[in-house]
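Undergrad: Below you will find the structure I want to go over with you.
Number of protein chains: 4
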Amino acid sequence: MSVLIKGGLVVTSTGSYTADVYVEGDKIKQIGTNLEVKADEVVAAAGKYVLPGAIDPHTHLAMPFMGTYSQDDFESGTIAAACGGVTSVVDFDLQAKGESLLEAIERKKAIALGKAVIDFSFHPAVTDPRPEVIDELKKAIEEYGTPSFKVFMVYDFRVDDYTMIRLLEETNKYGGLVQVHAENVYMIQRMNEIFAEEGNLSPWYHAKSRANIAEEEAIERAGKMVEMTGSRIYIVHLSSLEGLRKVKKFRDRGIDVFAETCPQYLTLTEERYKEPDWNGAKYVMSPPLRSQNSLDELWRGLRGGDLQTVATDHCPFSFKGRKDMNGKDDYKVIPNGAPGIETLLMLLHTEGVVRGRITKERMVDVLSTGTARMFGLAEKGEVIVGKDADIVVFDPEQKFTITQSRLHMNVDYTPWEGWEMTGMPSVVYSRGKRVAEWSGDRMKFVGEIGRGKFVKREPFEGF
Amino acid sequence: MSVLIKGGLVVTSTGSYTADVYVEGDKIKQIGTNLEVKADEVVAAAGKYVLPGAIDPHTHLAMPFMGTYSQDDFESGTIAAACGGVTSVVDFDLQAKGESLLEAIERKKAIALGKAVIDFSFHPAVTDPRPEVIDELKKAIEEYGTPSFKVFMVYDFRVDDYTMIRLLEETNKYGGLVQVHAENVYMIQRMNEIFAEEGNLSPWYHAKSRANIAEEEAIERAGKMVEMTGSRIYIVHLSSLEGLRKVKKFRDRGIDVFAETCPQYLTLTEERYKEPDWNGAKYVMSPPLRSQNSLDELWRGLRGGDLQTVATDHCPFSFKGRKDMNGKDDYKVIPNGAPGIETLLMLLHTEGVVRGRITKERMVDVLSTGTARMFGLAEKGEVIVGKDADIVVFDPEQKFTITQSRLHMNVDYTPWEGWEMTGMPSVVYSRGKRVAEWSGDRMKFVGEIGRGKFVKREPFEGF
Amino acid sequence: MSVLIKGGLVVTSTGSYTADVYVEGDKIKQIGTNLEVKADEVVAAAGKYVLPGAIDPHTHLAMPFMGTYSQDDFESGTIAAACGGVTSVVDFDLQAKGESLLEAIERKKAIALGKAVIDFSFHPAVTDPRPEVIDELKKAIEEYGTPSFKVFMVYDFRVDDYTMIRLLEETNKYGGLVQVHAENVYMIQRMNEIFAEEGNLSPWYHAKSRANIAEEEAIERAGKMVEMTGSRIYIVHLSSLEGLRKVKKFRDRGIDVFAETCPQYLTLTEERYKEPDWNGAKYVMSPPLRSQNSLDELWRGLRGGDLQTVATDHCPFSFKGRKDMNGKDDYKVIPNGAPGIETLLMLLHTEGVVRGRITKERMVDVLSTGTARMFGLAEKGEVIVGKDADIVVFDPEQKFTITQSRLHMNVDYTPWEGWEMTGMPSVVYSRGKRVAEWSGDRMKFVGEIGRGKFVKREPFEGF
Amino acid sequence: MSVLIKGGLVVTSTGSYTADVYVEGDKIKQIGTNLEVKADEVVAAAGKYVLPGAIDPHTHLAMPFMGTYSQDDFESGTIAAACGGVTSVVDFDLQAKGESLLEAIERKKAIALGKAVIDFSFHPAVTDPRPEVIDELKKAIEEYGTPSFKVFMVYDFRVDDYTMIRLLEETNKYGGLVQVHAENVYMIQRMNEIFAEEGNLSPWYHAKSRANIAEEEAIERAGKMVEMTGSRIYIVHLSSLEGLRKVKKFRDRGIDVFAETCPQYLTLTEERYKEPDWNGAKYVMSPPLRSQNSLDELWRGLRGGDLQTVATDHCPFSFKGRKDMNGKDDYKVIPNGAPGIETLLMLLHTEGVVRGRITKERMVDVLSTGTARMFGLAEKGEVIVGKDADIVVFDPEQKFTITQSRLHMNVDYTPWEGWEMTGMPSVVYSRGKRVAEWSGDRMKFVGEIGRGKFVKREPFEGF
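Listed in order, the protein sequences are those of chains A, B, C and D. As numbered in my numbering, residues 783 to 1245 make up the first sequence, in order. As numbered in my numbering, residues 783 to 1245 make up the second sequence, in order. As numbered in my numbering, residues 783 to 1245 make up the third sequence, in order. As numbered in my numbering, residues 783 to 1245 make up the fourth sequence, in order.
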């Protein structure tokens, strides 16, 4: 099976150039000017971008949480991903109490295999840091190909500072990377109490209870542990300008505090929590949406290189049936999370590139090339000879109005209902095989259930 | 004329991969796995790096200064460059008093054409900012292809803050970039007086008279003018940690203060000024060499992305005959400058990559890819299909001891005499033509005098 | 002549206590609990504050400026001062071109003597820094008792950085203090041009042309020269939060950048420039009024100790006849300045103490005690045994509505027309002699023209 | 009983002046020039300073700790204090597990009464923050006169962030002040483990295990909770430059993070831990001694106003018998603490004032006036009419060589053995009664056991 993509503008992190791209089997075989080669499938890409497929390094598929499950499994979730131009996901693999990390990887792998339509990997999330779990880190990095590990500073399954220090030390020896959900749990606990005493229990108070300062403090503390151990860390879903400022200060001092943000923090503000009819519950996620100031500052951080990646934190719960399961009278029991895996690339292009906040080259870096480097996806992230042919032929002029009914995620709403997009995939390839394509007024899945494989990742090599 | 470079490791800013590179005429035509193509010249590159040629955006060839001339002209200077793996230079073109900027460009072009062995461009240096000179900026950017302009905050030909503001405003309209030599002239004037009163006139006092604080203050001031005008600036030859800290603070606030440093500031310290027999005069340059702290911090800035480029500030004056012309008894009249165009790549590789301070990918970015983007060298800076075939096949294991006699610069010393290098070019191509190659124990020039052409550059597009 | 002030609350920088204060001749002789002493004059002060008289270290009396004179001379100006509770002024003494500094002091002394009703001193303002003027500094400090020197970074009579460095060096040797009007002249020049091109010439553009960044840059530069010389500096009329931030950063690093602000920056905002009927001209002063953010931040700086003093910059020009002399069509030629010497204490008390922004103890420090220490007024600034009996018996409950007609300054408006004050002097003493007192609905001057004497000040001893 | 102190230089926070001070009973009755009053006791103080007695707000008398007791009880401890010019102590009152705060105050009061020779108060230390303990805070502040509360972020009796937040909130309502021992317990725990694994158990590793970063992180976190709650905090025994920098940053933003340091951090460095014969154990205290850089920076912080007070953290354990009880082979079980209550004033004067690091006025502020304001000791801290006559007549020229045998603390060593002091008390008064005096070659206690009384303190009023 071979594909020839002719005359597109290949977009890289550092520039763009017109060329033909020739794919053979899973791999990109040749790039050239006017390639004279025959192919089973030829795509006329003049006027279009040839992008590496986006990588979503922060998804929660089929995850048990707050008394229910995130609604997308590896089938529906990766179909939606593919339709949005995402060709790899790295999902979280939460260790159960008493479980070994390595068992958790195998358990989760079994859940994904046979379902996923694009390639995937996992970040084990350490929730039960027994000494023998610490001992498993080396193996997870070197043998299992999962060199990144999530820890939480909030929730019941959070770790304390001691455990964080130990994880930073141990992972550092073998090229591992610790990812952290950074919020100060005690601040939030106290704010929750105060709002409960006041009878303030609507979604708006979800946002107020997880104030920017809770994120800011936790990032500072995590960064200090990085400094102490000479390691590095990756802040997931950074949301506030105060948090970003802390990240910058550490980086200014040469301390490797990396950070990711998400489309929701780049496009939506806390005003959403005030929507009538309890609609604000749709945006209940942690950390919450912030102010316009934070939003603007995150774009600047993305442009200037202080944020390395954009991920979705995809974790959908239907408004009817899930969001309202228990939480109508108390924001604290509304399942936290929102759908986003399918709208990642279109939002970055429309809100970022078209509006002039970042270049298309920077978009490729934060969605693909930088993400692949951060997480050791050695075969992914660039349209370059020898890499996996995970390619999006992207039409920068194609219009699309986001509507839940035209999307593929297994959930009953989208936070961006009605938003007008400019720029959509024309065709999406996963390892040389067409998985999705533009079809009239929406994307259509044309791939094969279960073709996605588990990808072993490489240790972190440094930025 | 065609060349096939087989099986090398193509190094880009974002990663490295093994591929064949096929060049036809001036251009890179194809990159692929096991390319089946015939070529006039085949280079076996297994085990070697395939790098974009380095770009030196800060050279002073054939420049009148301090009562003499920098000793390399466009022939000797670009031969040395080519032998070092540098395939483009952007030289300064100092406007004479009363001269038009555009005339200055034509005048300088005439000096370079017929001599240069690699491609070149100019940064006009504005020294006489009459209103009609301000009016020429648009034409220089849009028609002459010279979108970057140097100004000095020191020396007789310095500009005041008002002129800087005007240049920032005007260049900003058309995609121009102002480059600044940032030192506070009054601080230096006063320190010079104090040392003169004390009878302290040896080269050591050259360094002391241009204290870090003079650079720091000037960068802050320049940055404030960038902030005021919503423009951007490029600090040349940044040397001190205090200066770098200012750069970081501006960038943290989203203000585009870019910066370059030089191999001398990354490898040598002010201790050199204490060398016996007036040897310190060899290192008399402005700004001067700094402390080890600054040196270390510059490497961190380079790694972390706060410094975008490395350039040489190549401006050689022989120790015998030039350095000692007037200055034996007074550091103030020693011609400022040192040779460096030939040793740029080897020093970055040995001191940076081999010592683990930066990755080879980062080296490519600060020597080539980032430099080309910064200065609008659209056809240069990457080994990518369609670009000029300015390529260095680089042997990362090749040893070389730096010795003046084995170098090609027209000067009687090198600051790095006796330094052991690891990693040297095997072959250097300029637009598809071999210009230099490793030959036994040194590089040999094999190119053609005068083949280098003037390159029109593109306006700045943003990072 | 003796006075006994009975049972008042003596307010000091560090606390308040109830006591009797006994004055004999010029001096405070005893402080005690229930003093059994006879006095020519007994003041029942129960329920009142006993404050040291305020010191205004920034006045422009009888000063030629912008084609006219500031309207208050030493008679009308110091009468107004006394009525407001100000018992000492330190006025600026601008060196004329070609004039010696010491001659300037004598010249100005002659202007004040026989007129001033309270004690006074001068800050020589260096405008023509010839080497022989630098040589006079020692004498001015040690013999003439004028250890503080003003320089301007703007206006025609500004000094360059070199001169500032020299002044800092020389004054530092003898305990002198340099005061600086910190604004970047080139930024303002350029903004003026832009507004002129746009036809924007109303008072609002006075404020816009002297943007915060001009103050911020100049403070940073001045501070850097302090750092270079190991000296100290005093920023006059600091107005912006950005400027204050710079001051804090220097002080955090142990570099002595002191600063003063003025009631106008603490109580009025730039919105004033929008008042109809060209009324904004009343507030044309340099630096201009700023935003509410700056106002709030200045109060915090005052409370936290980053601002050491409050002064008035009293420099009145009548709205009719002076402000509108030339400037109706161009803000640039409106005489800069506003009246304020009489309203200093009442505004600080009402807006500061009554509103809870600072304590009454802090008010005493920034109006009297700290000011006396900063400027070497050894006999002033505290209600302490042995000091000059410059005392304000202050009724913290007395109401007063500010109205031009009830004030004593020689000008036709006040910026605070109609403001309701809480807290006014009951009696004001200058060296043991009653000079002003509350009389029905306003203050009444009861002193003696010409009793004020020139006070020799001590060198700076450090904070 | 009356005392007349004639002709001394009364030193205040803001200046110094010559006057007579007349004391009647417990109180200062009059201050005047040449007072004509009879007194039972007349002290000729010409050439001497009249200082308010020092206040030591950080002592551990009779405190159970690490398996033993701090060796000074309220008799020996306050005798030593008085001999050193300290006339008030505020001791810590550690709540026992299960105990009520108010009971703890009564319990501790019983321990001190009848023994103390100078006045005293307590800071309750909250170690068991049950909800009913939180409820006691109001009463402790308003009725018991103990408005300051200590919490620990380390040790078994530490509180978590939630409790800190609650304490900040509750104390803030009533004018209380939370004092915090700020070190990150987890960082220390991990460093302890690493050193144990390495077999590094000598006193030097005590210092290394409590690295600066542990203090820095804890201060940042505590400050963030202050910011969240709009409260204020007081950092005890601040020791590191990194910690001080954090304090400055909060204060720059108007957040009330106050701080104390101690003579040991101002005069000794970590080099002490390397003394032979296990002598380093003498300096085992928490936080540990730091580098010269920190020492220098603390003096600058003291001078510049970022540190408000100096206290001793007096907590003596004899080298023989206590320090070596269990800890010879493991620094972790050496009782933490050192003697210092007697040497506070002499060290501040000699190392601070005589060496020109701070003025004598600043010394008075950080030892007395500022301390009294911080902790609501309304009758203490100034030589002012109406205050308690806690006065030190101090001879600034008197020499004294610190030797354990000439001191009064109940311990077998002093960290300053052999140090030459310049400046010692001549006479010390506590509420009008002579308690100590210079006698030949040392201080002699001449007071009365048990005369010291418990002082109710006022709520915090703000700085």
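Beta carbons are placed, not taken as given, at the ideal position from N, Cα and C, and that holds for glycine. None of these values were measured; they are calculated from a predicted model.
From which residue to which residue does the beta strand (DSSP E) around G814 of chain C run?
TA: Reading the third sequence from its first residue, position 32 is the one you call residue 814 of chain C. 809-814 is the extent of the beta strand (DSSP E) around G814 of chain C.
Undergrad: Excluding the 5 residues flanking A828 of chain B on each side, which residues of the same chain have their C-beta closer than 8 Å to its C-beta?
TA: Against the second sequence, residue 828 of chain B aligns to sequence position 46. Cβ within range, chain order: K788, G789, G790.
Undergrad: Taking H842 of chain B as the reference, give the member of B:E997, B:P906, B:C865, B:M1010 with the closest Cα.
TA: Along the second sequence, read from residue 1 onward, the residue named residue 842 of chain B stands at position 60. Among B:E997, B:P906, B:C865, B:M1010, the Cα nearest to that of H842 of chain B belongs to B:P906.
Undergrad: Output yes or no for whether 7 Å exceeds the beta carbon distance between E1079 of chain A and L1023 of chain A.
TA: If you number the first sequence from 1, residue 1079 of chain A lands on position 297. If you number the first sequence from 1, residue 1023 of chain A lands on position 241. Yes; because the gap between Cβ atoms is below 7 Å, this pair is in contact.
Undergrad: Look at the alpha carbon of S852 of chain A and the alpha carbon of T850 of chain D, and state the distance between them as a whole number of angstroms.
TA: The residue labelled residue 852 of chain A in the question sits at position 70 within the first sequence. The residue labelled residue 850 of chain D in the question sits at position 68 within the fourth sequence. Answer to the nearest angstrom: the Cα atoms are 56 Å apart.
Undergrad: Applying a beta-carbon distance threshold of less than 8 Å, which residues of chain C neighbour K920 of chain D?
TA: Along the fourth sequence, read from residue 1 onward, the residue named residue 920 of chain D stands at position 138. Here the premise fails: no neighbours, minimum Cβ distance about 22 Å.
Undergrad: Please name the residue or residues paired with W1220 of chain A in a DSSP beta bridge.
TA: In the first sequence, counting from the first residue as 1, residue 1220 of chain A sits at position 438. Partner(s): A:M1225.
Undergrad: By the 9 Å beta-carbon criterion, what residues does the stretch 799-820 of chain D contribute toward chain C?
TA: Listed by position along the chain: Y799, T800, A801, D802, Y804, E806, K809, I810, K811, Q812, I813, G814, T815, N816, L817.
Undergrad: What do you reckon, are the CB atoms on N966 of chain A and A1000 of chain A nearer than 7 Å?
TA: Numbered from 1 along the first sequence, position 184 holds the residue referred to as residue 966 of chain A. Numbered from 1 along the first sequence, position 218 holds the residue referred to as residue 1000 of chain A. The answer is yes: Cβ separation under 7 Å.
Undergrad: Please report the distance separating the alpha-carbon of P1045 of chain C from that of D838 of chain B.
TA: In the third sequence, counting from the first residue as 1, residue 1045 of chain C sits at position 263. In the second sequence, counting from the first residue as 1, residue 838 of chain B sits at position 56. The alpha-carbon atoms of P1045 of chain C and D838 of chain B are separated by roughly 55 Å.
Undergrad: Applying the 10 Å Cβ sphere with the 16-neighbour rule, what's the burial state of G896 of chain D?
TA: By 1-based counting over the fourth sequence, the position of residue 896 of chain D is 114. The residue in question, G896 of chain D, is exposed, as its Cβ has fewer than 16 Cβ neighbours within 10 Å.
Undergrad: Could you give the uninterrupted runs of the beta strand (DSSP E) lying entirely in the stretch 1136-1183 of chain B, keeping only those of 3 residues or more?
TA: Listed in chain order, they are 1173-1183.
Undergrad: Does chain G have any CB closer than 7 Å to the CB of D943 of chain C?
TA: Structure shown: chain G not included; protein chains present are A, B, C and D.
Undergrad: Counting only beta-carbon atoms, is I995 of chain B nearer than 7 Å to chain C?
TA: Translated into the one-based positions of the second sequence, residue 995 of chain B becomes position 213. Yes, I995 of chain B lies at the interface with chain C (some Cβ there is under 7 Å from its Cβ).
Undergrad: By DSSP, does M1010 of chain B sit in helix, in strand, or in coil?
TA: Position 228 of the second sequence, counted from the start, is the residue given in the question as residue 1010 of chain B. Correct three-state label for M1010 of chain B: helix.
Undergrad: For K1246 of chain B, which residues of its own chain have a beta-carbon under 6 Å away from its beta-carbon, when the five flanking residues on both sides are left out?
TA: A query on residue 1246 of chain B cannot be resolved here, the shown segment of chain B reaching from 783 to 1245 and no further.
Undergrad: For V793 of chain C, which three-state DSSP category applies?
TA: Translated into positions along the third sequence, residue 793 of chain C becomes position 11. In this structure, V793 of chain C counts as strand in the three-state DSSP scheme.
Undergrad: Counting only beta-carbon separations shorter than 7 Å, does R972 of chain C have a partner in chain B?
TA: The residue labelled residue 972 of chain C in the question sits at position 190 within the third sequence. Yes, R972 of chain C counts as interfacial toward chain B.
Undergrad: Kindly list, in the order they appear in chain C, the residues whose Cβ is closer than 8 Å to that of S795 of chain D.
TA: Reading the fourth sequence from its first residue, position 13 is the one you call residue 795 of chain D. Correct list: S795, T796.
Undergrad: Does any C-beta atom of chain A lie closer than 7 Å to the C-beta of K990 of chain D?
TA: Counted from its first residue, the fourth sequence places residue 990 of chain D at position 208. No, K990 of chain D lies away from the interface with chain A (no Cβ there is under 7 Å from its Cβ).
Undergrad: Tell me the DSSP secondary structure of K788 of chain B in three-state form.
TA: Within the second sequence, the letter at position 6 stands for residue 788 of chain B. Three-state result, K788 of chain B: strand.
Undergrad: What whole-angstrom Cβ distance do V792 of chain B and V1165 of chain B have, given they're in contact under 8 Å?
TA: As a first step, residue 792 of chain B is located in the second sequence; it is residue number 10 there, counting from the start. As a first step, residue 1165 of chain B is located in the second sequence; it is residue number 383 there, counting from the start. Indeed they touch by this definition, with Cβ atoms about 5 Å apart.
Undergrad: Establish whether the CB of M969 of chain C and some CB of chain B are separated by less than 7 Å.
TA: If you number the third sequence from 1, residue 969 of chain C lands on position 187. Yes - at least one Cβ of chain B is within 7 Å of the one on M969 of chain C.
Undergrad: Helix, strand or coil: how does DSSP classify G1074 of chain B here?
TA: What you label residue 1074 of chain B is simply residue 292 of the second sequence in a count that begins at 1. According to the sequence displayed, residue 1074 of chain B carries Gln and not Gly. Reduced to three states, the DSSP call for Q1074 of chain B is helix.
Undergrad: Short of 8 Å in beta carbon distance, which residues of its chain neighbour G797 of chain C, apart from the five on each side in sequence? Order them along the chain.
TA: Here residue 797 of chain C corresponds to residue number 15 of the third sequence, with the count starting at 1. E1143, listed in sequence order.
Undergrad: Which first and last residues belong to the alpha helix (DSSP H) in which I837 of chain A is found?
TA: Taking the first sequence and counting its residues from 1, one reaches residue 837 of chain A at position 55. It is not in any alpha helix (DSSP H) - I837 of chain A instead sits in the beta strand (DSSP E) that spans 836-841.
Undergrad: Output the boundary residues of the alpha helix (DSSP H) element that contains A864 of chain B.
TA: Counted from its first residue, the second sequence places residue 864 of chain B at position 82. Start and end: 856-866.
Undergrad: In angstroms with no decimal places, state the Cα-to-Cα distance between K1215 of chain B and Y1195 of chain A.
TA: Here residue 1215 of chain B refers to the residue found at position 433 of the second sequence. Here residue 1195 of chain A refers to the residue found at position 413 of the first sequence. Approximately 60 Å, taken between the alpha carbons.
Undergrad: Which of the residues in the stretch 1017-1051 of chain C, read from start to end, lie with their CB under 7 Å from any CB of chain D?
TA: Within the stretch 1017-1051 of chain C, the residues whose Cβ lies closer than 7 Å to some Cβ of chain D are K1030, R1033, D1034, G1036, listed in chain order.
Undergrad: Can you list, in chain order, the stretches of the alpha helix (DSSP H) that have 4 or more residues and sit fully within the stretch 953-1015 of chain C?
TA: Listed in chain order, the complete alpha helix (DSSP H) runs (minimum 4 residues) inside the stretch 953-1015 of chain C are 967-980, 985-991, 994-1011.
Undergrad: Name, please, each residue of chain B whose Cβ falls closer than 8 Å to the Cβ of R1155 of chain A.
TA: Position 373 of the first sequence, counted from the first residue, corresponds to residue 1155 of chain A. What R1155 of chain A touches in chain B: T796, G797.
Undergrad: What residue from B:R1085, B:E1199, B:A801, B:F1176 has the CA that sits closest to R1188 of chain B's CA?
TA: Within the second sequence, residue 1188 of chain B is the residue found at index 406, counting from 1. Nearest C-alpha to R1188 of chain B: B:E1199.
Undergrad: Whole-angstrom Cβ separation of L1084 of chain D and I1140 of chain D, contact assumed at under 8 Å?
TA: Translated into the one-based positions of the fourth sequence, residue 1084 of chain D becomes position 302. Translated into the one-based positions of the fourth sequence, residue 1140 of chain D becomes position 358. Between I1140 of chain D and L1084 of chain D the Cβ distance is about 6 Å, and since that is below 8 Å, they are a contact.
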